[in-house]
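Structure first, commentary second.
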Amino acid sequence: MEQLLGTCPAHTAMELAGAFSEPWREIPWRDKDRELQYVKNYKPYRDDIQHLRVLLYGPVGAGKSSFISSVDSVLQGRITTRALVEANSGPCPSRTYKTYKIQKGQPGDFYPFVFNDTLGLQMGEDSGVHPEDIKLAMKGHMRDGYRFNPGSKLSSNDSQYYNAEPTVNDKVQVLVYVVPADTAAQQEEDHVKKIKDIRRTACDLGIPQLAVITNIDSACTEIHKDLKNVYKSKYLKKTMEEFSDSVGIPMNCIFPVKNYQEKNVVNDDADSLILSVLRRIIDFGEEFINDMET
Ligand SMILES: Nc1nc2c(ncn2[C@@H]2O[C@H](COP(=O)(O)OP(=O)(O)O)[C@@H](O)[C@H]2O)c(=O)[nH]1
Ligand SMILES: [Mg+2]
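Given below as structure tokens:
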């Protein structure tokens with residue numbers, strides 16, 4: 109971690125040093141319980157919607173699985189590492205498409221939003237997720253258990269994993285790009301091209317999109333000192349602006365988080381940041397399904 113603290117090759121030390129005296133974005137730190145209640149009370153307006161489906165994509169190691177686990181932790185009120193454990197165990201299951209549900213109360217009772225994780229979005233013909241697979245997943249054609257293959261996309265002839273007639277509950281309602289703070293501002297050109305290609309399809313489908321910036325705690329000394337400095341950090345603001353410019357996701361759709369790790373205990377500040385993304389995911393998804401024709 110030492111080499112990451114407060115460093116960022118794209119900026120000079122002068123530019124990065126320090127914090128603004130006032131935050132440039134307000135966050136209701138004191139209203140965590142209200143935000144939590146909002147999420148707990150959420151129920152899709154439409155009766156035919158069982159859940160909002162949220163698709164995560166981004167570089168390998170970006171914190172996608174950690175983000176799902178962090179949402180789980182906030183809602184359970186204790187650290188859970190289920191998504192991470194599942195992603196890292198068994199015969200390569202992190203290469204498979206999987207829907208993560210979050211338990212609410214009794215077994216069998218789940219929150220009305222689910223997450224799908226994808227294989228990392230790295231470059232090269234023989235690594236990373238095939239961009240067409242992300243598009244097929246968005247359209248609801250991909251069934252759980254499909255094994256990502258960087259060299260080829262899911263075929264419509266694959267009777268086991270290709271869902272020819274997806275319902276609204278199979279389709280994706282919110283697309284989330286996950287990226288760590290230390291590399292968000294300097295992504296390779298090929299990578300940006302891939303993101304833009306995926307984003308274009310999402311735009312055509314009308315799917316709302318947002319980005320989650322992870323690892324803010326290890327990338328910025330001010331934030332490492334106190335998570336409440338998140339919107340005072342000059343480094344993070346600049347990182348977010350450069351990231352926004354390169355991929356075209358507007359600033360108000362980019363959310364920094366500190367994901368929980370196994371050794372952490374839940375705390376209100378980390379919860380507040382995660383809840384602010386979750387709330388936006390719910391609002392975007394709800395808006396999208398209510399605007400749909402059918
Ligand atoms: N310090 C810190 N570490 C993180 C954060 N998010 C993820 N990590 C760590 O980064 C590594 C990769 O995370 P993971 O969720 O497996 O990434 P994935 O490949 O996108 O699913 C793990 O060791 C996580 O503990 C964060 O916000 N802060
Ligand atoms: Mg993962």
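Under the working numbering, the sequence shown has 202 at position 94, and the numbering climbs by one with no breaks. Each residue gets a CB set at the ideal place from its N, CA and C atoms; glycine is no exception.
Met250 - partner residues in DSSP beta bridges: Partner(s): Tyr270.
Local Cβ density within 10 Å of Arg186, reported as buried at 16 or more and exposed below that: So Arg186 counts as exposed.
Nonlocal neighbours in the same chain, by C-beta distance under 6 Å from Val147, ignoring five residues either side: Residues Leu386 of the same chain have their beta carbon placed closer than 6 Å to that of Val147, with the five preceding and five following residues left out of the count.
Three-way DSSP call (helix, strand, coil) for Pro201 in this model: A caution first: Pro201 carries a pLDDT of 45, below 50, which makes its placement in the model unreliable, though a value can still be read off. Note: Pro201 maps to helix in three-state DSSP.
Ala319 - DSSP class collapsed to helix/strand/coil: Strand, per DSSP.
Collapsed DSSP secondary structure at Tyr219 in the structure displayed: Coil at Tyr219, not helix or strand.
Same chain only: Cβ atoms within 6 Å of Glu330, ignoring 5 sequence neighbours per side: Here the set comprises Ala127, Asn337 and Ser341.
Span of the alpha helix (DSSP H) around Val147: Residues Lys140 to Asn149.
Among Met400, Leu244, Asp379 and Tyr219, the one whose alpha carbon lies nearest that of Trp137: Selected option, being the one with the closest Cα: Asp379.
Exposure of Asp241, with buried meaning 16 or more beta-carbon neighbours within 10 Å: Around the C-beta of Asp241, 16 or more other C-beta atoms lie within 10 Å, and the residue is accordingly described as buried.
beta-carbon Ser174 near ligand 1 non-hydrogen atom, thresh 7 Å: It does: the Cβ of Ser174 is within 7 Å (strictly closer) of some heavy atom of ligand 1.
Straight-line Cα distance separating Gln295 from Pro199: In this prediction, Pro199 has a pLDDT of 46, which is less than 50 and means its spatial position is unreliable; nothing more can be read from the coordinates.
Local Cβ density within 10 Å of Asp180, reported as buried at 16 or more and exposed below that: Asp180 comes out buried.
Backbone CA spacing between Leu381 and Asn265 [nearest angstrom]: Straight-line Cα distance between these residues: approximately 42 Å.
Rounded separation between Lys140 and Ile389 - CA only: In this structure, the CA atom of Lys140 is about 16 Å from the CA atom of Ile389.
Reduced DSSP category for Ala170 - H, G, I as helix; E, B as strand; rest coil: Coil, per DSSP.
Per DSSP, the bridge partner or partners of Lys206: Answer is Asp225.
Sequence-distant residues of the same chain with beta carbon closer than 6 Å to Ser197, five excluded per side: Confidence at Ser197 is low in this model, with a pLDDT of 49, below 50, so its placement is unreliable and no value can be given for it.
Check whether Ala292 and Ile315 have beta carbons under 8 Å apart: Going by C-beta atoms, Ala292 is not nearer than 8 Å to Ile315.
Classification of Tyr153 by the beta-carbon crowding that lies within 10 angstroms, buried from 16 upward: Tyr153 comes out exposed.
Endpoints, alpha helix (DSSP H) assigned at Val300: For Val300, the enclosing alpha helix (DSSP H) starts and ends at Glu297 to Leu313.
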